[in-house]
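J.:
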Amino acid sequence: MKDYLRQALHKQGIDELNEMQQTSSKVWNTHADVLLLAPTGSGKTLAYLLPLVESLDEKIHSVQAVVVSPTRELALQIDDVLKSLNVPFRSMSVYGGRPTMEEHRTMKGISPSIVVGTPGRLNDHLQKHNFEGKDVRYLVIDEYDKCMELGFQDEIQNLLRQLNSVRQRFLTSATQLPNVPLCEYGFQQLDFLDERRPEIAFRMVMSPIKDKLGALLQLLCRLGQEQTLVFCNHRESVERVGQFLKSNGVCCSVYHGGLEQDVREKALARFRNGSALVMVSTDLAARGLDIDGVDNVVHYHLPLKREDVVHRNGRTARYGKSGHVYYLLHDDDIQNNTVVDLSLCSIFPLRDVIATPASPKYVTMYIGKGKKDKVNKTDVLGLLCKKANLLPAEVGKIDVFDHHCFVAISAAKQRQVISCLQNERVKGVKTVFEIAK
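Just add 4 to the spot in the sequence shown (first one is 1) and you have my numbering.
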């Protein structure tokens with residue numbers, strides 16, 4: 005491994021790659037195509053990025069590698085991991101929901117070696133010759149099974165036709181694939197899936213009535229300050245459950261594909277930084293979100309497919325940590341269950357008296373300037389400490405986007421912060437400071 009990669013990994017507390025990552029690199033270095041099956045949270049992103057980066061040529065100044073993601077959020081995360089490795093190659097993410105021309109201008113300005121993106125937006129750039137498919141030598145398709153679901157298949161096939169000079173391919177999935185259309189090309193399959201997850205404690209919570217809202221509220225009150233991700237099967241259910249919890253004093257965010265992108269960004273930021281202890285979501289949050297420290301996964305509804313159980317449960321106990329999975333069930337759910345092995349579960353009894361919902365230690369503040377305004381995390385931390393009189397310990401996670409920032413600040417100091425920043429400027433420009441709810 006190159007020295008700059010070792011140093012970057014060391015700064016992140018990684019001094020040795022796990023077996024799966026080491027094996028992936030060895031196989032990739034034989035110039036084979038790779039199909040990697042490994043659990044969520046096991047480090048698949050590094051398993052392909054590290055050998056991919058070492059394959060690139062610093063003398064070539066065009067796009068050499070394309071990484072395909074089924075979602076915008078995963079594309080952004082992959083690009084963030086790349087940048088954290090301090091590689092001598094530029095990268096960028098492309099996705100729907102913003103003007104293609106804005107991305108094209110960025111592409112021309114930085115001349116990336118790696119482009120990470122969703123299938124539709126990648127096809128759009130290739131068709132407009134914003135970068136040339138004939139120059140691309142390496143292709144990664146992350147969450148391959150999701151990319152090949154109905155609705156993505158045509159996009160993927162179109163992408164493959166335009167990337168007809170690719171020399172090596174790397175596919176990843178966290179579930180066993182019944183058939184892999186691309187594997188007629190001779191992929192070497194690396195299977196690190198193991199359904200036994202000793203780091204996860206599985207528990208069954210029984211609701212006496214079909215409407216499980218009351219049981220969910222009791223459970224969340226028992227869990228207190230722990231970060232909990234609640235899964236529902238439908239957007240309407242997410243909204244209903246979220247509204248019920250908020251009306252009963254639970255600080256939560258809701259997340260599903262029907263929300264505007266800025267609303268989804270805010271929901272994720274609040275959950276990631278601990279200013280929302282609970283996030284209620286559809287299976288959109290079951291893949292591609294690397295949220296550190298999710299203590300619990302709650303299945304408000306059992307999913308329809310067995311592989312969705314795997315992806316949901318993979319949101320907790322990531323990178324060797326421990327976690328809990330709760331199946332919230334009524335008798336009818338047990339009778340109709342075909343996807344979950346309930347024999348693995350212990351019973352988690354609910355108490356008759358509902359405790360008071362826990363209050364988060366942080367709130368999220370919105371700042372109306374971002375990367376495009378030359379604002380970075382150091383600028384935000386300095387502003388809060390120097391102008392709002394916060395201690396570094398009173399500032400939590402900082403997320404910097406293109407045109408705005410979200411930052412966790414001590415809930416006890418929120419009025420002080422807003423008051424102190426009322427007339428402050430960022431990079432010499434007056435901007436908006438407000439609490440995001």
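Glycine residues also receive a C-beta, built at the ideal position from the N, C-alpha and C atoms.
Strictly by DSSP, which residues pair up with Q193?
T.: Answer is L39, bridged to Q193.
J.: Within 10 angstroms of its Cβ, does G261 collect 16 or more other Cβ (buried), or is it exposed?
T.: Classification of G261: exposed, given that the 10 Å Cβ count is below 16.
J.: Could you tell me the boundaries of the beta strand (DSSP E) in which M369 lies?
T.: M369 -> beta strand (DSSP E) spans 366-371.
J.: Among N33, R109, K15, whose alpha-carbon lies nearest the alpha-carbon of V85?
T.: If we check each option's Cα against that of V85, K15 comes out closest.
J.: Just list the beta strand (DSSP E) runs in the stretch 116-181, keeping only unbroken ones of 3 residues or longer that don't cross its boundaries, in chain order.
T.: Correct list: 118-121, 142-145, 172-177.
J.: On the DSSP bridge assignment, give the partners of I402 in chain order.
T.: I402 is bridged to V411.
J.: In its own chain, which residues sit with a C-beta less than 8 Å from the C-beta of G100, not counting the 5 before and 5 after it?
T.: These residues qualify, in order along the chain: R76, T122, G124, R125.
J.: Between the Cα of T44 and the Cα atoms of N237, C424, Y323, which residue gives the shortest distance?
T.: Out of N237, C424, Y323, Y323 has the C-alpha closest to the C-alpha of T44.
J.: How big is the Cα-Cα spacing for I64 and Y148?
T.: Taking the straight line from one Cα to the other gives about 28 Å.
J.: Short of 8 Å in beta carbon distance, which residues of its chain neighbour C424, apart from the five on each side in sequence? Order them along the chain.
T.: Once the five neighbours on either side are set aside, the close Cβ partners of C424 are K391, A392, N393.
J.: On the DSSP bridge assignment, give the partners of H303 in chain order.
T.: Note: H303 sits in a beta bridge opposite F235, Y331.
J.: For the pair the stretch 133-141 and the stretch 270-283, tell me if three or more CB-CB distances fall below 8 Å.
T.: Touching, no.
J.: From A416 to H407, what distance separates their C-alpha atoms?
T.: Going by the C-alpha atoms only, they are around 27 Å apart.
J.: Mapping the DSSP letters down to three states, classify F437 as helix, strand or coil.
T.: In this structure, F437 counts as strand in the three-state DSSP scheme.
J.: Nearest by alpha-carbon distance to F135: which of D146, K150, V144, I118 is it?
T.: Comparing Cα-Cα distances from F135 to each of D146, K150, V144, I118, the minimum goes to I118.
J.: Identify which residue in Y366, G372, R316 has its Cα closest to the Cα of I413.
T.: It is Y366.
J.: S211 bridges to which residues according to DSSP?
T.: According to DSSP, which records beta bridges pairwise, S211 is partnered with nothing at all.
J.: For the beta strand (DSSP E) that contains M96, what are its first and last residues?
T.: Residues 95-98.
J.: So which of A321, L89, L53, E311 has the shortest CA-CA distance to S28?
T.: Comparing Cα-Cα distances from S28 to each of A321, L89, L53, E311, the minimum goes to L53.
J.: Classify M369: buried if its beta carbon has 16 or more other beta carbons within 10 angstroms, exposed otherwise.
T.: Per the 10 Å Cβ criterion, buried.
J.: Taking DSSP's pairing of strands, which residues face F206 in a bridge?
T.: F206 is bridged to V329.
J.: Need the endpoints of the alpha helix (DSSP H) that S285 sits in, please.
T.: Here S285 belongs to no alpha helix (DSSP H); instead the beta strand (DSSP E) covers 282-285.
J.: Starting from C225 and walking both ways along the alpha helix (DSSP H), at which residues does that stretch end?
T.: Element bounds for C225: 217-227.
J.: Quick one: what's got a C-beta closer than 7 Å to S178's C-beta in the same chain, skipping five residues either side?
T.: Before going on, a small fix: residue 178 reads as Ala here, not Ser. Taken in chain order, the residues that qualify are A42, P43, T44, V314, H315, G318.
J.: Going by C-alpha distance, which of T49, Y8, G17 is nearest Q26?
T.: For Q26, the nearest C-alpha among the options comes from T49.
J.: Can you tell which of N162, L227, V245 has its C-alpha closest to the C-alpha of F235?
T.: That would be V245, whose Cα lies nearest to the Cα of F235.
J.: Run through DSSP, which three-state label would S350 get?
T.: If DSSP states are grouped into helix, strand and coil, S350 belongs with the strands.
J.: Are V207 and S363 touching if we call contact CB-CB under 7 Å?
T.: First, the residue type needs correcting, since residue 207 is Arg and not Val in the sequence shown. No, these two residues do not count as a Cβ contact at 7 Å.
J.: How would you write the range of the beta strand (DSSP E) that V70 sits in, first residue to last?
T.: Segment 69-72, the beta strand (DSSP E) holding V70.
J.: Taking the straight line between their C-alpha atoms, what separation do you get for P116 and A219?
T.: So the two alpha carbons sit approximately 50 Å from each other.
J.: I'd like the list of long-range same chain contacts for E398, defined as Cβ closer than 7 Å, with 5 residues on each side in sequence excluded.
T.: Excluding positions up to five away in sequence, the list reads I413, S414, K417.
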